[in-house]
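Input: a single structure, listed below in structure tokens.
Number of protein chains: 4
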Amino acid sequence: MADAEFEGSGQVAADELRLLIERAERLEEEKKGIADDIKDVFGEAKARGYDPKAIKKIMSIRKKKREEYQEEEAILEVYMQALGML
Amino acid sequence: MADAEFEGSGQVAADELRLLIERAERLEEEKKGIADDIKDVFGEAKARGYDPKAIKKIMSIRKKKREEYQEEEAILEVYMQALGML
Amino acid sequence: MADAEFEGSGQVAADELRLLIERAERLEEEKKGIADDIKDVFGEAKARGYDPKAIKKIMSIRKKKREEYQEEEAILEVYMQALGML
Amino acid sequence: MADAEFEGSGQVAADELRLLIERAERLEEEKKGIADDIKDVFGEAKARGYDPKAIKKIMSIRKKKREEYQEEEAILEVYMQALGML
DNA sequence: TGGTTCGAAACACGCC
DNA sequence: GGCGTGTTTCGAACCA
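Residue numbers (my numbering), protein chains in the order written: chain A, 1 to 86; chain B, 87 to 172; chain C, 173 to 258; chain D, 259 to 344.
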């Protein structure tokens with residue numbers, strides 16, 4: 001908390017705060033850009049005759065599978081750790 | 087719709103679909119990565135003694151200001167359109 | 173949860189539920205009525221030679237301005253809270 | 259279109275436009291008020307142990323039923339009209 | 001961990 | 001009949 005509270009003039013803290021905000025804003029913009037790219041992909045899929053909703057469904061299923069897989073890996077690792085196998 | 091429906095073997099369409107899905111998934115991952123980066127920024131801000139909630143509010147106000155500016159540009163255009171100036 | 177689950181006959185809970193639903197439905201109807209009134213206003217505006225789209229834009233800007241004002245009030249409060257002034 | 263276009267000073271048209279906008283805005287506020295009331299009802303339902311989502315489902319089913327009923331009535335009326343029964 | 005609040009995605013409506 | 005906009009709904013993130 002030192003920075004935010006004890007700078008003589010508050011100027012440095014203000015700069016620090018401003019920089020943090022600008023970093024976050026820049027990242028937000030990047031995120032939006034990618035979200036727009038994703039929209040484009042779905043638009044393209046639609047233009048080629050695929051159903052975007054169905055594609056989203058597929059993606060969510062695949063995602064779930066990946067997460068399950070990772071979860072299983074994690075559990076396995078815990079067990080192996082417990083058994084001194086790692 | 088030709089691609090999706092009438093390929094002789096369906097193989098090409100399947101490949102096309104798979105590629106679209108993989109592109110979307112890659113973009114989703116990127117997006118998630120950036121979202122995590124944003125989280126980190128807020129975490130850092132918090133660690134330095136700033137209130138994340140206050141920062142978010144500031145960002146939302148700044149965003150609104152930017153959007154408002156664009157809105158005003160847009161309405162100007164609407165007016166000009168209405169007045170036959172475009 | 174007592175009411176919903178443990179009434180001797182379930183009749184009372186059913187009545188309670190029915191009343192809640194009817195209340196919500198009545199309010200939904202009112203809301204729809206007002207939405208229709210709004211449509212009428214836009215229809216009238218159009219009939220008098222105004223562009224409904226432009227009017228909507230004006231309204232949205234005015235709304236944003238109002239909200240922005242409230243936002244600024246709100247952030248002031250956040251700051252004061254952060255500074256222990258509330 | 260007379261009002262909007264040919265008033266000597268434009269003042270009357272501006273007033274007319276302003277009044278239309280204010281009417282629409284007032285109605286929007288009323289609508290929002292009712293929307294809030296509806297939220298309250300769902301909040302109350304939830305507090306009493308009912309599932310808001312399920313209630314919404316019920317309401318949408320009931321609504322569909324009402325609409326179907328009205329449609330059937332309308333068709334009936336058309337037929338009766340055609341048969342000279344009205 | 002459960003509730004609450006927030007933002008993003010799905011939906012429906014009016015417009016062109 | 002498709003498109004864009006506005007509303008509603010859903011899920012995730014944050015706090016207690």
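Think of the CB as a built atom: it goes at the ideal place given N, C-alpha and C, for glycine as much as any other residue.
Does residue i have its Cβ less than 8 Å from a Cβ in chain B?
i, result
"residue 37 (chain A)", "yes"
"residue 245 (chain C)", "no"
"residue 233 (chain C)", "yes"
"residue 24 (chain A)", "yes"
"residue 86 (chain A)", "no"
Are the C-beta of residue i and some C-beta of chain C separated by less than 8 Å?
i, result
"residue 336 (chain D)", "no"
"residue 311 (chain D)", "no"
"residue 168 (chain B)", "yes"
"residue 259 (chain D)", "Summary for residue 259 (chain D): the model assigns pLDDT 47, below 50, so the residue's position carries little reliability; its value from the coordinates is reported in the next sentence. Answer yes: the Cβ-Cβ gap between residue 259 (chain D) and chain C drops below 8 Å somewhere."
"residue 383 (chain D)", "Examination of residue 383 (chain D) is not possible in this model, given that chain D is present from 259 through 344 alone."
"residue 120 (chain B)", "no"
"residue 144 (chain B)", "yes"
Need the endpoints of the alpha helix (DSSP H) that residue i sits in, please.
i, result
"residue 327 (chain D)", "310-340"
"residue 192 (chain C)", "183-219"
How many angstroms separate the CA atom of residue i from the CA atom of residue j?
i, j, result
"residue 12 (chain A)", "residue 223 (chain C)", "51 Å"
"residue 244 (chain C)", "residue 158 (chain B)", "20 Å"
"residue 68 (chain A)", "residue 62 (chain A)", "10 Å"
"residue 103 (chain B)", "residue 45 (chain A)", "8 Å"
"residue 140 (chain B)", "residue 122 (chain B)", "19 Å"
"residue 212 (chain C)", "residue 191 (chain C)", "32 Å"
"residue 85 (chain A)", "residue 74 (chain A)", "14 Å"
"residue 116 (chain B)", "residue 162 (chain B)", "37 Å"
"residue 250 (chain C)", "residue 221 (chain C)", "46 Å"
"residue 166 (chain B)", "residue 204 (chain C)", "34 Å"
"residue 24 (chain A)", "residue 113 (chain B)", "19 Å"
"residue 64 (chain A)", "residue 56 (chain A)", "12 Å"
"residue 107 (chain B)", "residue 340 (chain D)", "55 Å"
"residue 210 (chain C)", "residue 272 (chain D)", "20 Å"
"residue 66 (chain A)", "residue 317 (chain D)", "37 Å"
"residue 268 (chain D)", "residue 292 (chain D)", "36 Å"
"residue 301 (chain D)", "residue 42 (chain A)", "37 Å"
"residue 133 (chain B)", "residue 219 (chain C)", "59 Å"
"residue 328 (chain D)", "residue 156 (chain B)", "45 Å"
Verify the CB distance criterion: does residue i have a CB-CB separation below 8 Å to chain A?
i, result
"residue 136 (chain B)", "yes"
"residue 117 (chain B)", "yes"
Are any of the Cβ atoms in chain D nearer than 8 Å to that of residue i?
i, result
"residue 240 (chain C)", "no"
"residue 213 (chain C)", "yes"
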